[in-house]
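Sequential numbering from 2 applies to the sequence shown in our numbering. C-beta atoms are modelled at their ideal positions from N, C-alpha and C, and glycine is treated no differently. Computed from a predicted model, the values in this text were never measured in an experiment.
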Amino acid sequence: MAVPKRRMSRANTRSRRAQWKATATGLVGVTVAGQQHKVPRRLLKAARLGLIDLDRR
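See the structure below:
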């Protein structure tokens with residue numbers, strides 16, 4: 002594990018941490034049984050095969 006050589010100030014630590022942001026998952030349109038749904042790309046195949054209940058919200 003990396004060990005810092007010097008102590009980092011509170012302001013620098015917090016400004017560095019503030020740069021980390023979670024990104025929203027991109028949704029892809031899929032047509033199942035004639036209805037259009039938006040699902041994450043990693044669930045696309047499962048949605049097409051009917052393994053996911055898309056009507057539940």
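Whole angstroms are fine: how far does the CA of Arg-43 sit from the CA of Arg-8?
41 Å
Cutoff 6 Å; reference Thr-26; Cβ partners in own chain excluding five residues on either side
Pro-41
Backbone secondary structure at Leu-28 - three-state DSSP
strand
Under 8 Å Cβ to Cβ from Ala-48, same chain only, skipping five residues before and after it: list those, please.
Val-31, Val-33, His-38, Val-40, Leu-55
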